[in-house]
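*Asks:* To get the numbering used here, take the position in the sequence shown, counting from 1, and add 135. Ideal Cβ positions, reconstructed from N, Cα and C, are used throughout, including at glycine. All values reported here derive from a predicted model rather than from experimental measurement. The structure that follows is given in the form of structure tokens.
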Amino acid sequence: MTESGARPEDAARLTAFIKCHRAEILGVWADTVRTLPVARDLERPLLFDHIPDLLDRICDIAEHVGAGRVPTSPFDLAELHARIRLEEGFDLSQVVTEYRMLRACILRMWARDVVAPEQFGDLQALDEAIDISIAASIDRYTRARDRTLHALDRIATEAFGSRNLDELLQRLLVVMKETTAAVDTTAILLREGDLLRVRAAVGLGREVEHNLIVKVGDGFAGTVAASAQEQTFDEHPHAQIVSPILRSAGLQTLYGVPLIEDGDVIGVAHMGSKSAHVFSIQDKRLFAAMVARATSAIRQQMLHEAAVRASKEAQEREAELRTLADNMPQLAWMADPTGARFWFNRRWHDYSGASLDEIRGWGWQTFHHPAHAEDVMAKYRHAFETGQPWEDTYPLRGKDGHYQWFLSRAVPIRDSTGQIMRWFGTSTDVTNSRMMNEVMTTLASTLDYDEMIAKIAKIAVPDFADWCAVDLVEPHGLVRRVAIAHSDPAKAEAARRFKDEYPYRSNDPIAFTGEVIRSGDAIFAANSEDEIEQVAADARHAELLRELGFSSFISAPLLVRGRTLGAISFVTSSAARRFQEADIAVANELARRTAICIDNARLYREAQDASRLRETVLAIVSHELRTPVSTIDLAATMLLHAGSEPRLRKPAETIRRACERMDKMIGDLLDMAAIQSGRLRIEPEDVLAADLLNETVELHEPLAAEKQIKILRDFDMAGVHLYCDRDRIQQVFSNLIGNAKKFCQAGDVIVVRAHVTDKHATFAVVDTGPGIAADEIPHIFEPYWSGDRGKKTGAGLGLFIASAIVKAHGGELSVTSKPGDGATFSFTMPIARRGPST
């Protein structure tokens, strides 16, 4: 008998029974255990494969207990069983229930035989054996659970205690390495698109691999990330390793787990061992559990890191944009959806001299010119109410009290839904460009020299200077101050007195005009009170300078076509407003444009003077010529009427024809002068077109007949009235017919045509002469030009005058011709009315 009361032979019978019926016992047990929800879907190997060994170990324990010997420890199989059940989600009570079900299965089968009382010892041995196994399982289960809970608790502690992502990853790897004795190295790689970057590594000196890049799909870690599944490499793992340190470290095994958050692989964690050929299931499960627990913390830190990085980048961009906005030449600002402004760049503050508190909201309105403020605000509010971009040009007051012109624009900034979040606006100083345009517009509006001189001094006042003086070089090298203007109406009289009482002097303080004219270079200076005393001619002169105001000045030469016409001087009158170096370029450009306009006015005046002189000469010559020509013509006429000898009659007629040609030539010269000076007189009246045409044809028929040239009529203008200068239009027809006669030969025909279309009458003179060469047609209406049709020449004024007369009536004289095919001259005139046919 043993101390427990069980006999060895009883225990032997029980164990023999169990071994004999093991398959049946295990089958019944498996069916019974499947009733547990946690084991219902458990795969057979995990549920069953180690149980036969466990049952054999229980039999061994029972035999040792029945023989009174100390049983062998079942810890190895009990621990295996506990670990498997722990990994599959069993809790402690469910593990104990498994043992209870095993005992119940054995007892039920044992009860099928008649159990003799002496066999109670056998049952006692069985109970003790099962209890020993239960105790071992509970112990190992508890140890495994405590190890897991401790590891997960450390993971949570490190997650909460880490200040940043790098610190968190380093702490996690230390925990993972220390939790499993066989681990020699661990690492965590985080995903960046298609790449994995080593963010932390522990062991084997791998800390130097920080930021090592692995492509997803390459190497061991890349394979884990691509498959999103845990991976183990136990045979020649170096073949799958990208890291040169790991390849040379002699690792026996690697185990990697993907970091998965919300279905996305955000990284990979792996551990490696030089001593273990394979990681145990428990080590793998524990590592995977730690990785799973750490993933959320890693993701949070990644998001925090990204947010910090984005915030830093946003701050850097904001600083860059602020720097850009503060240094851009425009005044920049932002407003809320109502139009109230909440931000201004440094240029705005520098220009206005105002603080943010003074101009935020609607305070900026106080810097608008009163004459423009209402109109500007109406457009501004309309833009903000409609959400349309805003643009306007208006003056803004600077800190010196002067107004500059600005082109302002604003655009709405919208969110993804189209709602306006804010407005961004800029104001660009266009004072100089506006002034330049105004200069050209104002000065180009007249060619009258005196009128232009009166405007010159006002072109830059007050936008560019407070007052301005203009000095021009007169004939014989003298310099005369021709204009002066001041921005302050109250000082206009002082400016006039300054001009009258103190004309140009070589030491003039206003930019030393003489030096500017001599050198052709601008002068820039800021003068003090002492300098005024030095340059003033007398106390009265100094008093006038102080009254006008004298702070800084620029004098620029009026240069054009290599000549210096004079100088223009710009002066500021207060210390708050002083010229800068950059203003010299503006002054030079103003001077250049002014010089061009002055030069044009001078040339125009000279041209007008030359035209008047020519007209005067022509008038004198024509008057002096017509008197002797008339005398000669009268004498020749008297000879013809006196019945002179036949031998004298022909010379007398020749003299008369020569006089007629001379009289016509004098008339043409006078007409040409009138046309070129713009003083050709047209005196329109109601004219019957048929009478005009018939009279003209009849006038030329006798002379044409002498040359055996026919003039034909091709018109029916009965009742057609023209509103024209009868004599001038008859002059047109006479010039056209005369031109045709000049080039036609005996047998040629000249046709005078006319017809009415709508409200116009079209006239044409057609000849069958030699025609006009193509290269001559563009010059046909130029003065003093004569083609060589038929080698005929003339003064070349007839067609020029005819064209000018037609233009004066609102028409256009044109010609069509081909060499050898005659020529056609035509023009159109409006009809006054058409009466009944006669």
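To test your reading of the DSSP string, which unbroken beta strand (DSSP E) runs of 3 or more residues are found completely within the segment 545-582?
*Replies:* Runs found: 555-564.
*Asks:* Exposed or buried, what is Gly540 when buried is set at 16 or more other beta-carbons lying within 10 Å of its beta-carbon?
*Replies:* The question names Gly, yet the displayed sequence has Trp at residue 540. Buried, because 16 or more other Cβ atoms sit within 10 Å of the Cβ of Trp540.
*Asks:* Starting from Ser961, follow its DSSP beta bridges and name the residues at the other end.
*Replies:* Partner(s): Ala899, Ser949.
*Asks:* With DSSP as the reference, label His345 as helix, strand or coil.
*Replies:* Three-state result, His345: coil.
*Asks:* If the criterion is Cβ atoms closer than 9 Å, does the pair Ile936 and Ile885 meet it?
*Replies:* In this structure, Ile885 does not lie closer than 9 Å to Ile936 by Cβ.
*Asks:* When you compare the CB positions of Ala629 and Val706, do they come within less than 9 Å of one another, or not?
*Replies:* No, they are not a contact pair.
*Asks:* The alpha helix (DSSP H) that contains His507, what's its start and end?
*Replies:* Run containing His507: 505-521, per the alpha helix (DSSP H) assignment.
*Asks:* Would you grab the beta carbon distance between Arg557 and Ala470 for me? Rounded to a whole angstrom, and I think it's under 8 Å.
*Replies:* 7 Å between Cβ atoms; contact.
*Asks:* If I follow the unbroken beta strand (DSSP E) through Glu327, where does it start and stop?
*Replies:* Where Glu327 is concerned, the enclosing beta strand (DSSP E) stretches over 320-327.
*Asks:* Which residue comes first and which comes last in the beta strand (DSSP E) that contains Phe705?
*Replies:* That run of the beta strand (DSSP E) goes 698-707.
*Asks:* With DSSP as the reference, label Lys534 as helix, strand or coil.
*Replies:* In this structure, Lys534 counts as coil in the three-state DSSP scheme.
*Asks:* Do you know offhand how far Glu820's Cα is from Arg796's?
*Replies:* Each residue's Cα considered, the two are about 28 Å apart.
*Asks:* Secondary structure at Val617, three-state DSSP: helix, strand or coil?
*Replies:* It is a strand residue.
*Asks:* From Ala454 to Phe477, what distance separates their C-alpha atoms?
*Replies:* The alpha-carbon atoms of Ala454 and Phe477 are separated by roughly 17 Å.
*Asks:* Thinking Val511 and His503 are a contact (beta carbons under 8 Å), I'd like their distance in whole angstroms, please.
*Replies:* Confirmed, about 6 Å.
*Asks:* If Ser704 sits next to Ser690, beta carbons under 8 Å apart, how far is it from one beta carbon to the other, in whole angstroms?
*Replies:* With 8 Å as the limit, Ser704 and Ser690 qualify as a contact, their Cβ atoms being about 4 Å apart.
*Asks:* Here's the rule: buried if 16 or more other CB atoms are within 10 angstroms of the residue's CB, otherwise exposed. What is Leu738?
*Replies:* By the 10 Å Cβ count, Leu738 comes out exposed.
*Asks:* Taking DSSP as the reference, what is the three-state secondary structure of Ser175?
*Replies:* Checking the displayed sequence, the identity of residue 175 turns out to be Arg instead of Ser. Coil at Arg175, not helix or strand.
*Asks:* Are Val614 and Thr648 close, meaning C-beta to C-beta below 9 Å?
*Replies:* Result yes, Cβ atoms of Val614 and Thr648 sit closer than 9 Å.
*Asks:* Is Phe422 closer than 9 Å to Val403 when the C-beta atoms are compared?
*Replies:* Their beta carbons are not under 9 Å apart, which means Val403 does not touch Phe422 by this criterion.
*Asks:* I'd like to know if the segment 522-538 and the segment 555-571 are in contact, where contact means that at least 3 CB-CB pairs between them fall below 8 Å.
*Replies:* Cβ pair count under 8 Å is three or more, so yes.
*Asks:* Would a C-beta distance cut-off of 9 Å place Asp319 and Ser431 closer than the cut-off?
*Replies:* Not a contact, by the Cβ cut-off of 9 Å.
*Asks:* Trp478 lies in the alpha helix (DSSP H); which residues open and close that run?
*Replies:* Taken as a continuous stretch (DSSP letters only), Trp478 belongs to no alpha helix (DSSP H), being part of the beta strand (DSSP E) at 476-479.
*Asks:* According to DSSP, simplified to helix, strand and coil, what is Lys845?
*Replies:* Lys845 falls in the strand class under three-state DSSP.
*Asks:* What is the rounded straight-line gap between the Cα of Val168 and the Cα of Ala174?
*Replies:* Cα to Cα, Val168 sits roughly 7 Å from Ala174.
*Asks:* Measure the CB-CB distance between Ile380 and Gly340 and report whether it falls below 9 Å.
*Replies:* Yes, the Cβ-Cβ distance between Ile380 and Gly340 is below 9 Å.
*Asks:* Considering Cα atoms alone, identify which of Gly906, Ile790, Tyr515, Glu233 is closest to Val546.
*Replies:* When each option's Cα is compared against that of Val546, the closest is Tyr515.
*Asks:* Among all the DSSP beta bridges, which residues are the ones paired with Ile160?
*Replies:* DSSP, once it has assigned bridges, lists no residue as partnering Ile160.
*Asks:* So if DSSP puts Val884 in a beta bridge, which residue, or which two residues, is it bridged to?
*Replies:* In DSSP, Val884 forms a bridge with Lys845.
*Asks:* For Gln866, which of helix, strand or coil comes out of DSSP?
*Replies:* Helix at Gln866.
*Asks:* So what does Trp602 bridge to, in DSSP terms?
*Replies:* DSSP lists His621, Val706 as partners of Trp602.
*Asks:* Buried or exposed: which applies to Gln364, given that a residue is buried once 16 or more other Cβ atoms fall within 10 Å of its Cβ?
*Replies:* The residue in question, Gln364, is exposed, as its Cβ has fewer than 16 Cβ neighbours within 10 Å.
*Asks:* Could you tell me the alpha carbon to alpha carbon distance between Lys419 and Ala445, rounded to whole angstroms?
*Replies:* Distance between the alpha carbons of Lys419 and Ala445: 37 Å.
*Asks:* Among the candidates Ala908, Asp849, Ala896, whose CA atom is the shortest distance from the CA of Arg888?
*Replies:* When only C-alpha atoms are compared, the closest one is Asp849.
*Asks:* Kindly list the residues whose CB is nearer than 7 Å to the CB of Ala356, restricted to its own chain and excluding five residues on each side of it in sequence; keep chain order.
*Replies:* Excluding sequence neighbours, Ala356 sits near Leu324, Leu331, Val349, Gly391, Val403, His405.
*Asks:* Buried or exposed: Lys894, going by 16 or more other Cβ atoms within 10 Å of its Cβ?
*Replies:* The residue is exposed, with fewer than 16 neighbouring Cβ atoms inside 10 Å.
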